[in-house]
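Asks: Please find one structure pasted underneath; my questions will follow.
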Amino acid sequence: MADSRTIETTRPSTVVTPIVKIEGTEIPRTLQVEAIVIDKGVNRIAAAKLVIVDGDTSAQQFDASNGDLFIPGKNIEILCGYESDNYTLFKGVVIKHSIKLRNSGSQLVIECRDKAIAMTLARHSKYFGENVKDSDAISTVAGTYSGLTADVADMNITTSDLVQYEATDWDFITGRAEINGMLVYTDDNTLSIKKPEISGTAVVELSFGATMLELDAEIDSRIQFPSITGRTWNPASQEIEKVDANPPSGELNGNLSSDDLAGVFSESKYQLNHGGKLSQPELQAWATALKQKQVLSKVRGRVKFKGIHTVKPGMIIKLSNLSDRFNGNAFVSHIQHHVSAGDWQLEVQFGLDPQWFTEKFETSIKPASALIQAVPGLQIGVVTQLESDPDGECRILVRMPVISPDDQGIWARVATLDAGKDRGSFFLPEVGDEVVVGFLNSDPRKPVVLGMLNSSNKTAPLTAADANNQKGFVTRSKMKLIFDDDKKSVTIETPAGKKITMDEDAGAIELKDENNNSIKMNSDGITIETQGKLVLKAQQDFNAEGMNLSLKANTALSAEGSASVEVKSSGTAALKGSIVQIN
Numbered sequence: 013m014a015d016s017r018t019i020e021t022t023r024p025s026t027v028v029t030p031i032v033k034i035e036g037t038e039i040p041r042t043l044q045v046e047a048i049v050i051d052k053g054v055n056r057i058a059a060a061k062l063v064i065v066d067g068d069t070s071a072q073q074f075d076a077s078n079g080d081l082f083i084p085g086k087n088i089e090i091l092c093g094y095e096s097d098n099y100t101l102f103k104g105v106v107i108k109h110s111i112k113l114r115n116s117g118s119q120l121v122i123e124c125r126d127k128a129i130a131m132t133l134a135r136h137s138k139y140f141g142e143n144v145k146d147s148d149a150i151s152t153v154a155g156t157y158s159g160l161t162a163d164v165a166d167m168n169i170t171t172s173d174l175v176q177y178e179a180t181d182w183d184f185i186t187g188r189a190e191i192n193g194m195l196v197y198t199d200d201n202t203l204s205i206k207k208p209e210i211s212g213t214a215v216v217e218l219s220f221g222a223t224m225l226e227l228d229a230e231i232d233s234r235i236q237f238p239s240i241t242g243r244t245w246n247p248a249s250q251e252i253e254k255v256d257a258n259p260p261s262g263e264l265n266g267n268l269s270s271d272d273l274a275g276v277f278s279e280s281k282y283q284l285n286h287g288g289k290l291s292q293p294e295l296q297a298w299a300t301a302l303k304q305k306q307v308l309s310k311v312r313g314r315v316k317f318k319g320i321h322t323v324k325p326g327m328i329i330k331l332s333n334l335s336d337r338f339n340g341n342a343f344v345s346h347i348q349h350h351v352s353a354g355d356w357q358l359e360v361q362f363g364l365d366p367q368w369f370t371e372k373f374e375t376s377i378k379p380a381s382a383l384i385q386a387v388p389g390l391q392i393g394v395v396t397q398l399e400s401d402p403d404g405e406c407r408i409l410v411r412m413p414v415i416s417p418d419d420q421g422i423w424a425r426v427a428t429l430d431a432g433k434d435r436g437s438f439f440l441p442e443v444g445d446e447v448v449v450g451f452l453n454s455d456p457r458k459p460v461v462l463g464m465l466n467s468s469n470k471t472a473p474l475t476a477a478d479a480n481n482q483k484g485f486v487t488r489s490k491m492k493l494i495f496d497d498d499k500k501s502v503t504i505e506t507p508a509g510k511k512i513t514m515d516e517d518a519g520a521i522e523l524k525d526e527n528n529n530s531i532k533m534n535s536d537g538i539t540i541e542t543q544g545k546l547v548l549k550a551q552q553d554f555n556a557e558g559m560n561l562s563l564k565a566n567t568a569l570s571a572e573g574s575a576s577v578e579v580k581s582s583g584t585a586a587l588k589g590s591i592v593q594i595n
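Under my numbering, the letters of the sequence shown match residues 13 to 595, in that order.
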């Protein structure tokens, strides 16, 4: 690295010689490029802007705008250097063409972006299959864009159910890369995803009183924590699973470490929580990525100096002759080249934004797809009608009091235990019942009744207890289906008293009615009792068989066969009575 009091250039930095090429050909020297601004940053699409003097008031036309050079879609390259020793600062495509007219003059303004801009234009949804690495998914997405080269570092997270939902490919890629502790760079139509190198070698040293033109720098203790823990629910163990972040190796500029700043406040831990089940590698990567982000954001600021082509996002610069709080190696997160009026300056932002990419930008689709104002969360509804759905979609009419306490409401679909063509469970609430309502895509026009609610006004048919032994269903007319886990019994009962009970505790099955007629099956056998007549009738044969068979009548016993009667025994046959009549 050169003497810190000078910035090394390949030629004397007296004459700045910018060049603009369209489709590989340098634009005519007759075009007066008034200003060039080039932006490149981590997790950002590289951009460039040209301001060209254009517009002839006497001819009343804009010659440069009328020409074919700056039509959107044209490939553009911007080079700059000193005394014609030029280096590429930007490659991309023209995306925007505008003209401006002011009292001071008229201009043609051309805006350009890296070809990765195509990844930001539309939202997509996609399943990536089972056991897919984030790096493989990102490479797959990036590979669909022509003219864009992708260089994606390997990532440790393998996901069994990776899904992209209504997100631009850029937002999806950047969000997943950041969780893996990586940063996204776009440079000359190349997409690079890699870990930041905190311990890298500085490409330039900038010295206060010599090479620095401007500087702002700050240290903020509020974004530093001594430890970061990732937490997720493990359904297999039924416990919270925890991992601690691994701190990155190395420290950046300043003589206060991240741990020093973390001790300013009493808050000792920062927790990342996920209510679902994250794999251990993803949980570890998430926590470690945040710790890395905090270290990289410890010192943030900007510094401006003479333009050079060698500094890019992701590199390291060295700051010197400042206070010891800021001296040392700084991580470059953003650069901006300014070329104007024969001067070339480079402004570098150092330190990383402490916010996640998905926190800073609106990466998710708006609720209700922005078609209408969305409904947050769940709502209470009151059923007003069960029949006559005008569309024949098995919906019921539900009024939501917070929308209108007086109107009949809106037709809502009903979520049920099972549903299919000519099958499923069929349980509808009663008119006047209180229900909980959700909304598809948070759209207030697409309600779904998710369940019914009890309250002190509409009490439950069973009394709640911590033992929670009884569960069941009771209809409006008091027909009951009750499960009892204590007795291990199931009871079906009608309001009049007709009852079927299967009782494991008693070891019995019993059918009983309000007339005290009953059939009971237990270990002793089967008992049939009735207070009236008992009739056994068969259209064909009726057979009765047992070890011993007894028939007893308290008054008379009659046996009759229309064709014949036969009584026989392989042993003794006895016919007894005070009087025996045969024939």
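By construction, the Cβ of each residue, glycine as well, lies at the ideal position given by its N, Cα and C atoms.
1) Out of curiosity, what's the CA-to-CA distance linking Ala550 and Gln482?
2) Just checking, does the segment 322-341 make contact with the segment 68-76 on the three C-beta pairs under 8 Å criterion?
3) If you reduce the DSSP assignment to three classes, tell me which class Met13 lands in.
4) One question on the structure: do Arg407 and Gly393 come within less than 9 Å of each other, judged by their Cβ atoms?
5) I'd like the ranges of any beta strand (DSSP E) spanning at least 3 consecutive residues and lying wholly in the segment 39-95.
6) Going by DSSP, what residues sit across from Asp97 in a beta bridge?
7) Is the Cβ-Cβ distance between Asp455 and Ala520 less than 9 Å?
8) Taking the C-alpha atoms as reference points, what is the distance between Ser118 and Val196?
9) Taking Cβ positions, are Lys61 and Asp200 nearer each other than 9 Å?
10) Count Cβ pairs between the segment 114-133 and the segment 72-92 that sit closer than 8 Å; are there 3 or more?
11) State the Cα-Cα distance for the pair Asp126 and Ala59, rounded to the nearest angstrom.
12) Taking only runs of the beta strand (DSSP E) that begin and end inside the segment 525-585, which ones reach a length of at least 3 residues, in chain order?
13) Here's a check: name, in chain order, each residue in its chain whose Cβ is nearer than 8 Å to the Cβ of Ala128, leaving out the five neighbours to either side.
14) Apart from the five residues on each side of it in sequence, which residues of its chain come closer than 6 Å, Cβ to Cβ, to Leu308?
15) Where does the unbroken beta strand (DSSP E) through Gly187 begin, and where does it stop?
16) Check each candidate in Ala301, Glu442, Thr428 and name the one with the smallest Cα separation from Gly436.
17) Using a Cβ-Cβ cutoff of less than 7 Å, which residues in the same chain neighbour Leu43 once the five nearest sequence positions on both sides are dropped?
18) Quick test of your reading: Ala189 and Ile231, contact by CB under 8 Å. State the CB separation rounded to the nearest angstrom.
19) By how many angstroms is the C-alpha of Ala382 removed from the C-alpha of Lys52?
20) Less than 9 Å between the beta carbons of Leu450 and Leu390, yes or no?
21) Skipping 5 residues on each side, what residues in its chain have a beta carbon closer than 8 Å to that of Gly463?
22) Going by C-alpha to C-alpha distance, which of Ala424, Leu440, Trp423, Gly421 sits closest to Asp605?
23) Whole beta strand (DSSP E) runs in the segment 283-323 with 3 or more residues, listed along the chain?
24) In the DSSP assignment, the beta strand (DSSP E) including Ile150 goes from what residue to what residue?
25) Any idea if Glu20 is buried or exposed, counting beta-carbon neighbours within 10 angstroms, 16 or more meaning buried?
26) Please classify Ile591 as buried or exposed, where buried requires at least 16 neighbouring CB atoms within 10 angstroms.
27) Look up Lys206 in the DSSP assignment and give the residues it is bridged to.
28) When you compare only the Cα positions, how much space is there between Pro247 and Leu290?
29) Within the segment 438-517, note down every full alpha helix (DSSP H) run reaching 4 residues or more, in order along the chain.
30) Alpha carbon to alpha carbon, how far is Leu264 from Met224? Give it in angstroms, no decimals.
31) Measuring straight from C-alpha to C-alpha, what distance separates Glu294 and Lys303?
32) Closer than 7 Å by C-beta to Leu474: which residues in its own chain qualify, once you throw out the five before and the five after it? Chain order, please.
33) To the nearest angstrom, report how far apart Val311 and Lys305 are at their CA atoms.
34) Between Gln361 and Gly319, what straight-line distance do the alpha-carbon atoms span, to the nearest angstrom?
35) From the DSSP secondary-structure annotation, give me the bridge partner or partners of Lys127.
36) Assign Phe373 to one of three DSSP states: helix, strand, or coil.
Replies: Result, derived from the coordinates:
1) One C-alpha to the other measures close to 40 Å.
2) No: fewer than three Cβ pairs fall under 8 Å.
3) Model confidence at Met13 stands at a pLDDT of 49, short of 50, so the residue's coordinates are unreliable and nothing is read from them.
4) At least 9 Å separates the beta-carbon of Arg407 from that of Gly393.
5) Listed in chain order, the beta strand (DSSP E) runs fully inside the segment 39-95 are 45-53, 59-65, 87-94, counting runs of at least 3 residues.
6) The partner list for Asp97 (beta bridge, DSSP) reads Tyr94.
7) No, the Cβ-Cβ distance between Asp455 and Ala520 is not below 9 Å.
8) Taking the CA atoms as reference points, Ser118 sits about 37 Å from Val196.
9) Contact: no.
10) Pairwise C-beta distances place the segment 114-133 in contact with the segment 72-92, as three or more of them are shorter than 8 Å.
11) Going by the C-alpha atoms only, they are around 6 Å apart.
12) Listed in chain order, the beta strand (DSSP E) elements of length 3 or more contained wholly in the segment 525-585 are 530-534, 537-541.
13) Hits under 8 Å: Ile57, Ala58, Tyr157, Leu160, Trp182, Thr198, Asn201, Leu203.
14) Residues Phe343, Leu364 of the same chain have their beta carbon placed closer than 6 Å to that of Leu308, with the five preceding and five following residues left out of the count.
15) Per DSSP, Gly187 belongs to no beta strand (DSSP E); it is in the alpha helix (DSSP H), 181-191.
16) The shortest C-alpha to C-alpha distance from Gly436 to any of Ala301, Glu442, Thr428 is the one to Thr428.
17) Cβ within range, chain order: Ile64, Ala76.
18) About 27 Å separates the two Cβ atoms, so there is no contact after all.
19) Taking the straight line from one Cα to the other gives about 31 Å.
20) Checking the displayed sequence, the identity of residue 450 turns out to be Gly instead of Leu. Yes; because the gap between Cβ atoms is below 9 Å, this pair is in contact.
21) Taken in chain order, the residues that qualify are Ala427, Val447, Val448.
22) Residue 605 is absent from the model: the chain starts at 13 and stops at 595.
23) List check, beta strand (DSSP E) in window: 311-318.
24) Looking at the DSSP string, Ile150 is not in any beta strand (DSSP E); the run it does join, the alpha helix (DSSP H), is 146-154.
25) Its Cβ having fewer than 16 others within 10 Å, Glu20 is exposed.
26) By the neighbour-count definition (other C-beta atoms within 10 Å, threshold 16), Ile591 is an exposed residue.
27) BP columns for Lys206 point to Leu195.
28) If you take the alpha carbons of Pro247 and Leu290, they lie about 11 Å apart.
29) Within the segment 438-517, no complete alpha helix (DSSP H) segment of 4 residues or longer occurs.
30) Whole-angstrom Cα-Cα distance: 19 Å.
31) The alpha-carbon of Glu294 is positioned some 14 Å away from that of Lys303.
32) Excluding five sequence positions before and after Leu474, the CB atoms of its chain that fall closer than 7 Å to its own CB belong to Gln482, Gly484, given in chain order.
33) Distance between the alpha carbons of Val311 and Lys305 is about 11 Å.
34) Taking the straight line from one Cα to the other gives about 14 Å.
35) The partner list for Lys127 (beta bridge, DSSP) is empty, contrary to what the question assumes.
36) DSSP places Phe373 in coil when its eight states are reduced to three.
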